[in-house]
């Protein structure tokens, strides 16, 4: 019997016979979905650190911290919740990332293994739409910063009734161009942007401290009305806020195999994530605290949106410099985490008609259809409504994926079978893994309904954590009962 796969160090790779066997079947094996052999990988620990730096040193994370301050939490409560949330999400990120580093395959292939070749369309489409939604939101944020730059350069630009949408469209095109050129362009952007973002973030911190000192001492930065909070709302907001923090990165954690498939070693992705995520979360959250509290010291009003804060400066140099910071911070997150992730899904599901580059076009168009300018109108809708709703879906999907990979199959998979669409070890019942889909949908409905039942509202408030745990336990138990 021909050997279809071989182990090379920590990696499982297809043999030529394995590729031939796949091609005898109806399959999803394309240039974009084919497993990356160890010889074709380029991402080291440094690349994963810079990836998380680009993801977290971003305006949406800055705004999450600012929104928690605006909701009444103190600066140290906001810092604690943000760091805890972004650290907890590393558990699924690292565990699901091991699928990519071991097999060289992307999230759509993982999802197919979990839900079946037909059932996979449901969770992967949900993930792709989430990527498109976030892509649109961050394009609007970046477009607002670009709008401020153009307004400085072209007097009278803001007199146009649709100037915001012109800037939005231009920023969409910039993101599209980078995403269209694939993982090498993304890696180059991350490597270039990371040190620049850290330096400019340091300037924001220095600005906040300078304002505080000029008004009598550093302590003034942490005793403003917005930074001091009221402290009384902490426990009532803790779990909804924590859920929102986790949900923000949960989409990235779910499909982190899209990045770990490029890892040169197993330790590269693990160390890179453990070093990069917690440290950079604490850093950018502190930047957000300094920026928001500093805006109250400087202008008498706390601005949670940094693009609005920038527009209040009189100096054209300051407006341009920090608008460029917002643009760069948005680009590093938006392309890698949203556009690329959604495009990989579309090209995998519809590989016969969509390659990666065509999928980038589709994802870009869909992102505009979500009307992102409506989703960031205020802090409450941004933190609790948007992220809270996303968590309802992300928790159960992640839990089922973790259970399948680590409990059901114990990360020992048949690589060729991952690509079959007409049979194999992961075909289940006619291409549908009914147990996984029923578990996922039942928890979607249950958790969503809990928000309307006062005695069960705590479940909705912790929808990601509980959804993930419930899904893992339930699906593992069902598999054991059926002898899988």
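In the working numbering, the protein residues as written are 1 to 484.
Idealized CB from N, CA, C, for every residue including glycine.
Computed from a prediction, not measured in an experiment: that's the story for all the values here.
For residue 304, the three-state DSSP class (helix, strand or coil): The three-state reading of DSSP puts residue 304 in coil, since its state is none of H, G, I, E or B.
query: Using DSSP with H/G/I as helix, E/B as strand and the rest coil, what is residue 17?
result: The DSSP-derived three-state label of residue 17 is helix.
field: Segments assigned beta strand (DSSP E), at least 3 residues, entirely inside the stretch 196–259
entry: The stretch 196–259 contains no whole beta strand (DSSP E) run of 3 or more residues.
Contacts around residue 481, its chain only, beta-carbon distance under 6 Å, and the 5 residues preceding and following it disregarded: Nothing meets the Cβ criterion.
task: Identify the continuous alpha helix (DSSP H) that holds residue 266 and give its terminal residues.
output: From DSSP, the alpha helix (DSSP H) with residue 266 extends over 266–299.
query: With a Cβ-Cβ cutoff of 8 Å, do residue 422 and residue 118 count as a contact?
result: Not closer than 8 Å, so no.
- prompt: Which runs of the alpha helix (DSSP H), 4 residues or longer, sit entirely within the stretch 335–404?
  reply: DSSP runs (the alpha helix (DSSP H)) wholly in the stretch 335–404: 340–349, 356–369, 372–375, 387–402.
- request: May I ask you to report which of helix, strand or coil DSSP gives residue 420?
  value: Three-state DSSP puts residue 420 in a strand.
query: Identify the residues that DSSP records as bridge partners of residue 8: which are they?
result: Within the DSSP bridge table, the entry for residue 8 names 11 as partners.
- request: For the alpha helix (DSSP H) holding residue 460, just list the boundary residues, first then last.
  value: Where residue 460 is concerned, the enclosing alpha helix (DSSP H) stretches over 457–461.
- prompt: Nearest to residue 221 by CA position, among 170, 267, 296, is which residue?
  reply: For residue 221, the nearest C-alpha among the options comes from 296.
- request: Please classify residue 23: does DSSP put it in a helix, a strand, or coil?
  value: Helix at residue 23.
- prompt: What is the residue span of the alpha helix (DSSP H) that residue 138 lies within?
  reply: Unbroken alpha helix (DSSP H) run through residue 138: 121–153.
field: Reduced DSSP category for residue 408 - H, G, I as helix; E, B as strand; rest coil
entry: Three-state result, residue 408: helix.
- prompt: Is the Cβ-Cβ distance between residue 142 and residue 331 less than 8 Å?
  reply: It is a contact, given that the beta carbons lie within the stated cut-off.
Three-state secondary structure (DSSP) of residue 482: Coil.
- prompt: Apart from the five residues on each side of it in sequence, which residues of its chain come closer than 7 Å, Cβ to Cβ, to residue 48?
  reply: Taking residue 48 as the centre and dropping the five residues before and after it, the same chain places the C-beta of 268, 269, 272, 273, 276 closer than 7 Å to its C-beta, in chain order.
message: Taking the beta carbon of residue 377 as the centre, do at least 16 other beta carbons fall within 10 Å, making it buried, or is it exposed?
response: Burial is judged here by how many other beta carbons sit within 10 angstroms of a residue's own beta carbon; residue 377 has fewer than 16 and is exposed.
message: Suppose you measure from the CA of residue 131 to the CA of residue 217; what does that come to, to the nearest Å?
response: Each residue's alpha carbon lies about 43 Å from the other.
message: Going by C-alpha to C-alpha distance, which of 427, 467, 479 sits closest to residue 92?
response: When only C-alpha atoms are compared, the closest one is 467.
message: Within 10 Å of its beta-carbon, does residue 353 have 16 or more other beta-carbons around it, so buried, or fewer, so exposed?
response: Exposed.
Cβ pair count under 8 Å reaching 3, the stretch 396–408 against the stretch 156–173: Between the stretch 396–408 and the stretch 156–173, the count of C-beta pairs closer than 8 Å stays below three; the two stretches do not touch.
message: Considering Cα atoms alone, identify which of 24, 33, 18 is closest to residue 259.
response: Nearest option by C-alpha distance: 33.
task: Would you check if the stretch 300–311 and the stretch 71–81 touch, i.e. whether three or more CB-CB distances between them fall below 8 Å?
output: No: the two stretches stay apart, fewer than three of their Cβ pairs being nearer than 8 Å.
task: Look up residue 429 in the DSSP assignment and say whether it is helix, strand or coil.
output: In this structure, residue 429 counts as strand in the three-state DSSP scheme.
Enclosing alpha helix (DSSP H) for residue 98 [first to last residue]: Its alpha helix (DSSP H) spans residues 90–103.
query: What do you reckon, are the CB atoms on residue 41 and residue 262 nearer than 8 Å?
result: For residue 41 and residue 262, yes; Cβs fall inside 8 Å.
task: Measure the C-alpha to C-alpha separation of residue 169 and residue 8 and round it to an integer number of angstroms.
output: Going by the C-alpha atoms only, they are around 46 Å apart.
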